[in-house]
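Numbering (full-length UniProt numbering), first residue to last: 1 to 382. For glycine and all other residues, C-beta sits at the position ideal for the given N, C-alpha and C. Predicted model, so just to flag it, every value in this text is computed and none were measured. Reviewing the structure listed below.
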């Protein structure tokens, strides 16, 4: 069976919420996306020429309910449907009305881990007018998709097996972190050149999954650093809580911040993550700093401001302690960030010397005998 890796891109996210007014302020006025009122019970956000990148539908969940994956061609579409069906998982065709709300010509859905419905489509409708964005440089989408989602689970190997089986996901790297005395391993999976489209944080050492929502956070990427820092200020001025201020990740080198959405999960806005070179990339393990800042019970960072915080501890991994980015960031700082080699050094001491843990090869692909058994494909892995 041919691999579908590289033909899969995160295309849209569906959220169920009753808080339309708050979401409108958060998404349009804070993050800077284009808002379309399509129905009394539906609100869409655009960040590029696609009609829909985020669909909000009225309901009580206050959570992400579905991920929409855009596929390059109908052959990939048929391949993935065949994989799911072969595991005995029901596949349902979306109605014309559902497809129109999502801004796609056709969609098929099937069950996924953590209660996240997976939807696949090939062709997206484009808007008749350019989106009105506060981000002057725009958002980065295209072949990398719209960003990524991070999920907490007590069964991380099964969840990784799911995304490998369905989308041929590859392992980019691990982060080992200790949060409040509990060891957490985070797996970063890619389905294209974006460093990760899905991050899986193992919480199997805890009695229960501490995250109420199906995802812990979602990420989008801006093209210019100024747009990231300006949205950070807008979101704070609107009164939305900051989970983490501006900082830098150790693995994909992205500069970003995390804000609390009206529905309770976190929204990350980032800039300038590295792009994976499939010819040279090798998975590695990153260790968290012992001096990382902790979260308060209300979800905010314990630091009073981004510039005063030491290292950061977070479910999506630690950030570099040696760079603290106040807002605004100077042009000199931007140049300093761009200068280092964005690809891993072949002499990096953190490389995994035994290939990839859990049976993967040096590009992070799982060996055939590591795939899930059919009965486990869509079990609730939360």
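Residue i versus residue j: straight-line alpha-carbon distance, rounded
i           : j           : result
residue 43  : residue 280 : 42 Å
residue 179 : residue 205 : 11 Å
residue 103 : residue 239 : 31 Å
residue 215 : residue 1   : 30 Å
residue 284 : residue 111 : 31 Å
residue 134 : residue 192 : 28 Å
residue 18  : residue 36  : 16 Å
residue 15  : residue 23  : 10 Å
residue 333 : residue 33  : In this prediction, residue 333 has a pLDDT of 35, which is less than 50 and means its spatial position is unreliable; what the coordinates show is noted afterwards. Near 26 Å, if we compare the C-alpha coordinates of residue 33 and residue 333.
residue 386 : residue 53  : The question about residue 386 has no answer here: the residues shown for the chain are numbered 1 through 382.
residue 159 : residue 96  : 30 Å
residue 154 : residue 89  : 22 Å
residue 67  : residue 27  : 18 Å
Chain C within 8 Å of residue i, Cβ atoms only
i           : result
residue 124 : Any reference to chain C falls outside this structure, which holds one protein chain only.
Neighbour-count burial assignment, residue i, 16 or more Cβ in a 10 Å radius
i           : result
residue 219 : buried
residue 208 : exposed
residue 129 : exposed
residue 212 : exposed
residue 8   : buried
residue 136 : exposed
residue 75  : exposed
residue 168 : buried
residue 233 : exposed
residue 131 : buried
residue 3   : exposed
residue 256 : buried
residue 237 : exposed
residue 287 : exposed
residue 231 : buried
residue 92  : exposed
residue 381 : For residue 381, the predicted model reports a pLDDT of 43, less than 50, meaning its position is unreliable and no value from the coordinates is stated.
residue 313 : Note on residue 313: pLDDT 32, under 50, position unreliable in the model; the coordinate value appears next. Its Cβ being crowded by 16 or more others within 10 Å, residue 313 is buried.
residue 304 : Unreliable placement is indicated for residue 304, whose pLDDT of 32 sits below 50; the coordinate value is still reported in the next sentence. Flag for residue 304 reads exposed.
Nearest candidate by alpha-carbon position, reference residue i, set the options
i           : options               : result
residue 38  : 98, 31, 64 and 78     : 98
residue 79  : 22, 10 and 165        : 165
residue 181 : 203, 196 and 197      : 203
residue 248 : 260, 228 and 262      : 228
residue 271 : 201, 237, 55 and 195  : 195
residue 21  : 274, 273, 262 and 278 : 262
residue 200 : 94, 24, 82 and 150    : 150
residue 162 : 40, 25 and 87         : 87
residue 217 : 259, 225 and 113      : 259
residue 100 : 81, 89 and 55         : 55
residue 143 : 48, 82 and 40         : 48
residue 177 : 113, 250, 82 and 25   : 250
Sub-8 Å separation of residue i and residue j beta-carbons
i           : j           : result
residue 13  : residue 84  : no
residue 391 : residue 276 : Nothing in the structure corresponds to residue 391, since the chain is present only between 1 and 382.
residue 50  : residue 117 : no
residue 198 : residue 30  : no
residue 6   : residue 145 : no
residue 115 : residue 221 : no
residue 274 : residue 253 : yes
Do the region 48-61 and the region 107-119 make contact, defined as three or more Cβ pairs closer than 8 Å?
no
Determine, using beta-carbon pairs with one atom in the region 62-82 and one in the region 111-128, whether at least three such pairs fall under 8 Å.
yes
So does the region 184-198 actually touch the region 165-176, counting three or more Cβ pairs closer than 8 Å?
yes
For the structure I just gave you, are there three or more beta carbon pairs, one from the region 239-256 and one from the region 266-276, closer than 8 Å?
yes
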